[in-house]
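Enquirer:
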Ligand SMILES: C[S@@+](CC[C@H](N)C(=O)[O-])C[C@H]1O[C@@H](n2cnc3c(N)ncnc32)[C@H](O)[C@@H]1O
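Numbering (the working numbering), first residue to last: 994 to 1191.
1. Count the other CB atoms, across all protein chains shown, that sit within 10 Å of the CB of residue 1100; report buried if there are 16 or more and exposed otherwise.
2. At the level of alpha carbons, what is the spacing between residue 1007 and residue 1071?
3. Which residue wins for smallest C-alpha separation from residue 1005, given the options 1173, 1026, 1040?
4. How is the beta strand (DSSP E) around residue 1097 delimited, first residue to last?
5. Check whether the Cβ atoms of residue 1077 and residue 1056 lie closer than 8 Å to each other.
6. For ligand 1, is there a heavy atom less than 7 Å away from the beta-carbon of residue 1082?
7. When you compare each of 1030, 1017, 1046, 1084 to residue 1114 by their alpha carbons, which one comes out closest?
8. Would you say the region 1029-1049 touches the region 1085-1105, given that touching needs at least three Cβ pairs under 8 Å?
9. If distances are taken between C-alpha atoms only, which option among 1154, 1014, 1000, 1188 comes closest to residue 1061?
10. Please list, in chain order, all residues of the same chain as residue 1088 whose beta carbon is under 6 Å from its beta carbon, the five residues on each side excluded.
11. Looking at the structure shown, is residue 999 part of a helix, part of a strand, or coil, going by DSSP?
12. Would you say residue 994 touches ligand 1, meaning its beta carbon is less than 7 Å from a heavy atom?
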């Protein structure tokens, strides 16, 4: 079944595959995540695979997974040396404790708030104790998640502390967070939240 990102996959890849070049704060958090992580890593909602490739360049044993077949095709074409799979992060075909790290960068933004507890429970299940989860998302100050008209499909922005609370309820411990001002072309604050499975 086509997903909302299939129709825009090529445009998305064109616009965002080089985004890290101009995002030093994102690179800094990804570097910290890589330094803290030893073992298999999944980039969930990997899109065209640019962040999967970046984590690989930092020495991680990483694969990408995305719901959109078009995104997976682009990721495989751009990074033939890496493994990419089509599937949903809501039901991972992984054993309990199989991963040392999960990256979910702007891939939870379209989930309705009531869907997130089950997704975080799934992330908790597949992470080994001591494993890290790094989230990237649109931020705001309001304690309630705010809907907005994202170009692809309805999305939500979250206050980092509200999201950290939800992750806490799933059993994660906060390690740190980074919030930065929007740069040209962005409308909202951008946040990254790093948590750990105790
Ligand atoms: C905004 S893009 C982010 C892509 C990439 N992580 C980045 O930061 O550029 C969101 C991606 O999440 C994927 N996605 C949405 N829901 C998903 C799900 N349930 N399982 C796996 N991927 C999903 C979409 O297909 C899309 O490629």
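Ideal Cβ positions, reconstructed from N, Cα and C, are used throughout, including at glycine.
Expert: Taking the coordinates as given:
1. buried
2. 12 Å
3. 1040
4. 1092-1098
5. yes
6. yes
7. 1084
8. yes
9. 1000
10. none
11. coil
12. no
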